[in-house]
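Protein chains: 2
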Amino acid sequence: MQAVKTNEIVGVKDGGVTTPLGFKAGGIHCGLRKTRLDLGYVLSDVPAVTAGVYTTNQFQAPPLKVTQESIAVEKKIQAVLVNSAVANACTGTQGLADAYEMQQVFAEELGVANHHVAVTSTGLIGVHLPMEKIKSGVKNILAEKHEGAVNFEEAILTTDTTVKHHAVQFEIDGKLISIGGAAKGSGMIHPNMATMLGFITTDANIAHDNLQAALRKVTDETFNMITVDGDTSTNDMVLTLANGKADNEPLNENHPDWDVFLQGLKTVCASLAKKIARDGEGATKLIEVHVKGATSGTAARAVGKAVISSNLVKTAIYGTDPNWGRIVCAIGYSGEKVEPEKVSVSLGEIPVVINGLPCPFSEEEASNYLKQENVHIYVELNQGEHEATAWGCDLSYDYVKINASYRT
Amino acid sequence: MQAVKTNEIVGVKDGGVTTPLGFKAGGIHCGLRKTRLDLGYVLSDVPAVTAGVYTTNQFQAPPLKVTQESIAVEKKIQAVLVNSAVANACTGTQGLADAYEMQQVFAEELGVANHHVAVTSTGLIGVHLPMEKIKSGVKNILAEKHEGAVNFEEAILTTDTTVKHHAVQFEIDGKLISIGGAAKGSGMIHPNMATMLGFITTDANIAHDNLQAALRKVTDETFNMITVDGDTSTNDMVLTLANGKADNEPLNENHPDWDVFLQGLKTVCASLAKKIARDGEGATKLIEVHVKGATSGTAARAVGKAVISSNLVKTAIYGTDPNWGRIVCAIGYSGEKVEPEKVSVSLGEIPVVINGLPCPFSEEEASNYLKQENVHIYVELNQGEHEATAWGCDLSYDYVKINASYRT
């Protein structure tokens, strides 16, 4: 056990889903893609308490149905199996049967109950899973040579340019707790890759309802605050598995360190969310919009998402144009009540709007600031005490290229 | 008077805001732009009953406040004065004073009450109106050589590539009624040009409340169904002036030909809306999304707008990619309840999804269809009797270019 100070949340270098005790992971090439890994798993030594959040898209893919139904049985799963390349969405009754079979073959291989296996797919919409390849992959995937968190991280990617992982550790009840995660997501690129998947593991001891509440709260503040292109896919899912191996007292709202756990979970999810935003299709920059002074958290998040979602803001930042009017305009149509004469906006440390009116600034200095790879927009609403951060990326020629001309 | 058959709505070649009796219009170059016309007016012989719809953006520009306040006095105005190049938005108390002065000088020039003049600005946000240029323009604008609907149409443009006008005629109570309109709008391009302005004139005899109700209903089905980039500007406005010169019986819901008037107004507004969509920044195609079988008009419009607003749908059509998964995905996140297994989608006459599942089609044939300048997407929800159409454009490299690199 590493020595960490109580309540201090420490990042773990190269950490991921196998940082917490009692988890392993791996990935294999089973032939769904030309050469890249395309089938991955995460496995807990014991059934782990599991929380999940899922896409609100009504064309929800069959694997999401199977996974939600399975978690509902005991609120626990032991393993997750993920394939890339084929989303198994809009595939009807055959698609549902395939998802069940994918679950079953991995459960048999592991010797666990079917409902202890979650299945997830990401890739082409409207195409059936090549089940022979999946089944052959499952037979070999547990071999030691395919083990490793990075293999899992690679196997779940679609148009992503890099793997995405993060892990933290902190001490609660004198026990070291770890939280680790992996994610994929870059854009719902053709032919309709699912936007985002997140898998979080922890060895914390926590009951299902508390884990679900924590995941919901943290997801609203992290994964739900990123946007690449505003399209909510059919396959989005974040699963969190807690196997209790850290042996702490059960975590809940009455535990004195409940907030430490929440903060640890948020650190991992925020890190993964930012990595997804930065890796947005065609992105050259990560944009962070920080909203303060809102009357509620909901209002702060709505204003942040309006700004980060604006194509005009995104293209202006791509072009390093300090075009504050577009930011103000987006604040004005966010749907939340604002008082225009109280709104101030800064680009990094450069104020551009004070109390609803433009203020003088050096265009050159502001444009130079926007040349950075990580751009911060600060919005002060001066109406209340609530705040939020939204993450996104610029809109470049390459976004259009990736999404318009992939076939040519 | 032209001979038109009762109730038949006939388009007027090259018609516009001066097609109805008792209206004139004009435009002048007053120096706000380098060489293009930049100040325009519409004038009725007599005060005209006026209805208006305005942006919901909370950073509403001062001229909109002045115009709404003025119309409220008698529900009538006689003239509209519009400048391009400077939006007079985010300009504080000075901006409000400038809008009042702009109104006053034109009212003096015309010899009418201040509150009978509406003022509108479109262009740069955060810049004050050059009032000397505006005042000098107003002094000369009524000269005969500056008269003409096309001069008005040109003076209100920003990044638009063409003027936009439409007019229709029909007979009610044995009287010829004309409705004509002009509009501008291309995108909220830098530095923050207002998205859209519409000016409709008619010689119909109609009370204010009925005209306002008609405009609201028709706007929801036309101007509110277009999207170029999803950004709602600070200066959007549609004004409709009815001067009663046609001398028909007052139009209201109990008039047997009320629906004819509504249809005439809708024809003009839909024509202008489509022209704005087709002239979207960087657009190469007009896209029309036709939604049928919805449980309500609101649901039909929400689904249509979700599809037409999707960057992924827009880029796919730019790339002539029959990527139906993106259309289905957008339907699924529209916020309206749909039954996925009932949804069918066609590209023109080519079915691509039937009852929620993909159907075989020729990729080549579908891709060829998408090469047309006017692309129709048909969505059948099979849930009810309501329908709607949404208009938009594709998302091209030029959209990014226009919005990212205008300075370079």
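Chains as they are written, first to last, in my numbering: chain A, 1146 to 1553; chain B, 1146 to 1553. Backbone N, C-alpha and C define an ideal beta-carbon position, used for all residues, glycine too.
In this structure, glutamate 1532 (chain B) and lysine 1437 (chain B) form a Cβ contact; the two beta carbons are roughly 5 Å apart against a cut-off of 8 Å. Interface residue (Cβ-Cβ distance to chain B less than 8 Å): cysteine 1474 (chain A) is classified as such.
Judged by their CB atoms, leucine 1515 (chain B) and leucine 1492 (chain B) are nearer to each other than the 8 Å cut-off.
Listed in chain order, the alpha helix (DSSP H) elements of length 4 or more contained wholly in the region 1224–1264 of chain B are 1237–1255. Per DSSP, reduced to three states, the secondary structure at glycine 1529 (chain A) is coil, with no helix or strand assignment. Within the same chain, Cβ atoms closer than 7 Å to the Cβ of glutamate 1518 (chain B) are found at Lys1430, Leu1431, the five residues on either side in sequence being excluded. Listed as beta-bridge partners of phenylalanine 1168 (chain B) by DSSP are B:Ser1189. Per DSSP, methionine 1276 (chain B) lies in no beta strand (DSSP E); the unbroken alpha helix (DSSP H) holding it starts and ends at 1276–1286.
Contact annotation: in the region 1482–1493 of chain B, residues whose CB is within less than 9 Å of a CB in chain A are Lys1482, Val1483, Glu1484, Pro1485, Glu1486, Val1488. Among the residues facing chain A, threonine 1201 (chain B) is included, as its CB has a counterpart in that chain under 8 Å away.
Annotation for glycine 1470 (chain A): the continuous alpha helix (DSSP H) segment containing it runs 1469–1477.
Under the three-state reduction of DSSP output, isoleucine 1301 (chain A) falls in the coil class, being neither helix nor strand. Serine 1416 (chain A): member of the alpha helix (DSSP H) spanning 1403–1423, first to last residue.
Secondary structure note for serine 1489 (chain B): its beta strand (DSSP E) is the uninterrupted segment 1489–1492. Residues of chain B with a Cβ closer than 9 Å to the Cβ of isoleucine 1421 (chain A) do not exist; the shortest Cβ-Cβ separation is about 16 Å.
The three-state reading of DSSP puts proline 1505 (chain B) in coil, since its state is none of H, G, I, E or B.
A distance below 8 Å separates the beta carbons of glycine 1271 (chain B) and glycine 1470 (chain A). Closest in alpha carbon position to threonine 1379 (chain A), among A:Ala1234, A:Lys1210, A:Ala1230, is A:Ala1234. Relative to the Cα of aspartate 1392 (chain A), the nearest Cα in the group A:Thr1180, A:Ser1323, A:Lys1221 belongs to A:Ser1323. Using beta-carbon distances, tyrosine 1514 (chain A) does not count as an interface residue toward chain B, since no partner is under 8 Å.
Among the residues facing chain A, glycine 1160 (chain B) is not included, as its CB has no counterpart in that chain under 8 Å away. Glycine 1464 (chain B) has a beta carbon lying within less than 8 Å of a beta carbon in chain A. Between the alpha carbons of glutamine 1357 (chain B) and glutamate 1508 (chain A) lies a gap of roughly 44 Å.
At the C-beta level, glycine 1172 (chain A) and histidine 1311 (chain A) stay beyond 8 Å of one another. Residue contact with chain B for tyrosine 1186 (chain A): absent (no Cβ-Cβ distance below 8 Å to any residue of chain B).
Valine 1405 (chain B) and phenylalanine 1368 (chain B) have their C-alpha atoms spaced approximately 19 Å apart. The residues Lys1309, His1310, His1311, Gly1326, Ala1327, Ala1328, Gly1343, Thr1367, Phe1368, in chain order, have a CB closer than 8 Å to that of leucine 1417 (chain A) in the same chain once the five nearest residues on each side in sequence are set aside. Contact between the region 1470–1486 of chain A and the region 1198–1212 of chain B is present, with at least three C-beta pairs closer than 8 Å.
Residue range 1309–1317 is occupied by the beta strand (DSSP E) that includes isoleucine 1317 (chain A). Interface residue (Cβ-Cβ distance to chain A less than 8 Å): valine 1198 (chain B) is not classified as such. At least one CB atom of chain B sits nearer than 8 Å to the CB of asparagine 1548 (chain A).
For aspartate 1424 (chain B) and isoleucine 1453 (chain B), the gap between their C-alpha atoms comes out near 15 Å.
Annotated as proximal: leucine 1209 (chain A) and methionine 1382 (chain A), with beta-carbon spacing under 8 Å.
Cβ-Cβ distances below 6 Å link leucine 1241 (chain B) to Pro1207 in the same chain, with the five nearest sequence neighbours on each side left out; the list follows chain order. Histidine 1260 (chain B) and threonine 1364 (chain B) have their C-alpha atoms roughly 24 Å apart. Distances from the CA of valine 1227 (chain B) to each of B:Met1247, B:Ile1216, B:Val1218, B:Gln1213 were compared; the closest alpha carbon is that of B:Met1247.
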